[in-house]
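A.B. asks:
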Amino acid sequence: MIKSMTGFGKSVVQLPGKKITIEIKSLNSKNLDLNARIPSTYREKELALRNMVAKALERGKIDVGLYIESTGENTNTAINESVVNTYMKQLSNAVAGEPSEIELLKMAVRLPDALKTEREELDENEYKAIVTNLEGALKEINAYRLDEGNSLKTEFELRIKNLQRLLDEVITLDKDRLADVKVRLEKAVADLKVNLDENRFEQELIYYLEKYDITEEKVRLKNHLDYFTEALESDNSNGKKLGFIGQEIGREINTIGSKSNYAPMQQLVVQMKDELEKIKEQVLNVL
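This note's numbering numbers the first residue of the sequence shown as 254 and each following residue consecutively.
1. Figure out for me which residue from A301, V539, E401 and S335 has the closest Cα to the Cα of K493.
2. Which runs of the alpha helix (DSSP H) spanning at least 4 residues fall entirely within the segment 303-354, listed in chain order?
3. Quick one, which of D421, T508, T407 and A516 has its alpha-carbon nearest E486's?
4. Per DSSP, V265 forms a beta bridge with which residues?
5. Going by DSSP, what residue range makes up the beta strand (DSSP E) through R290?
6. How do the segment 291-302 and the segment 510-526 stand: do at least 3 beta-carbon pairs fall below 8 Å, yes or no?
7. Within 9 Å of any Cβ in chain D, is that where the Cβ of K435 sits?
8. Based on DSSP bridge pairs, tell me the residues matched to L280.
9. Look at the alpha carbon of V522 and the alpha carbon of K428, and state the distance between them as a whole number of angstroms.
10. Between the segment 314-321 and the segment 351-361, are three or more C-beta pairs nearer than 8 Å?
11. Within this structure, are the beta carbons of M305 and R398 separated by less than 9 Å?
12. Examine the Cβ distances between the segment 406-424 and the segment 529-537 and report whether three or more of them are shorter than 8 Å.
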C-alpha cells in the first residue's frame with residue numbers, strides 16, 4: 254500500500270451564527286513543511302492543531318486553512334459612540350456650510366477608532382467542533398492520497414514489468430555479446446600481423462571476457478526489481494525506501510551499460526534508463 258503526498262481535504266460545519274470551514278492541501282516534499290492559517294482567537298490552540306495534522310499526514314508541503322464566517326446577527330465590532338460624537342462636533346465646526354448629521358456621520362465613521370472590535374474569547378464547544386471538523390478534513394485528504402497512491406502503484410508496476418522484460422532481453426543477448434567480443438579481439442590481434450604466444454593470448458582473452466562479464470549485475474538487478482515490487486505491497490508507504498531501491502537499480506543498469514561493449518545491448522540499456530527515470534519522477538510523490 255502506498256500513498257501519494259498530493260491531496261486535498263475539506264470539511265464544513267455549521268454552528269449557531271457561524272460557519273467553520275477547514276481546507277487542507279498537500280504536495281510532495283522531502284520533509285514535513287506545514288503552513289497554517291488560523292484566526293487569532295485560536296492561536297493558543299495552534300500547536301495542538303498542527304500536531305494533529307503532522308501526525309496524520311507525516312510528510313509533504315502542507316497548507317491548512319481555518320476559516321470562520323459569521324452567519325448570524327452577533328458581531329464583535331461596534332460603533333465607538335463617544336469618539337464618533339466628538340468627531341461630528343469637530344467636523345461641524347471645520348466643514349464649510351451646514352452639513353447634515355447624516356453627512357457628518359458618514360465622515361466620522363471613516364476616521365480612526367470610530368469602530369471598536371472586542372476580542373472574542375475562545376469557546377471550548379466551538380473548539381471541539383473545529384477538532385471534529387479537522388479530523389474530517391484529514392480523513393478526506395488521506396483517502397485522496399490513497400487513491401493517488403493506487404494510481405502510482407499501477408504506474409510503478411508497469412515500469413518494473415518493462416524493466417524486467419528488457420533485462421530478459423539483455424540476458425538473451427549476453428551470449429551473442431561475449432562471442433562478438435571474442436571475435437573482435439581475435440580480429441584486432443590478427444590485424445596487427447604479429448606472432449603471439451597462444452597460451453598468453455588465451456589468458457589475456459579470458460581476462461578481457463571476465464572484465465566484460467555482467468553475470469553479477471544481472472542477478473543483482475533482478476533482485477532489486479523483485480525488492481521494489483515487494484516494497485509496493487508492504488503495509489507502510491515508504492517513498493524514501495523506494496527511492497533508495499531505485500538508486501540501486503540505476504547503479505546496476507549503468508554498470509551493465511559500461512561493460513556491455515555491444516551496440517544492441519547498449520540500446521536496451523538506454524531504454525532501461527528511460528523506464529527508471531519515469532520511476533524516479535513518480536517516487537518523489539510517494540509518502
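Ideal Cβ placement from N, Cα and C applies to all residues, glycine included.
C.D. replies: Working from what's here:
1. Minimum Cα-Cα distance from K493 among the listed residues A301, V539, E401 and S335 corresponds to V539.
2. Here the runs fully enclosed are 334-347.
3. Scanning D421, T508, T407 and A516 for the CA closest to the CA of E486 turns up T407.
4. According to DSSP, which records beta bridges pairwise, V265 is partnered with T274.
5. Start and end: L285 to R290.
6. Under the Cβ criterion (8 Å, minimum of three pairs), the segment 291-302 does not count as touching the segment 510-526.
7. Considering every chain present, this structure includes no chain D. It has just one protein chain.
8. When DSSP reads this structure, L280 sits in a beta bridge with K314.
9. When rounded, the distance between both Cα atoms is 16 Å.
10. In the pairwise beta carbon analysis, the segment 314-321 is classified as not touching the segment 351-361: fewer than three pairs are separated by under 8 Å.
11. No; because the gap between Cβ atoms is not below 9 Å, this pair is not in contact.
12. Output reads yes: the segment 529-537 touches the segment 406-424.
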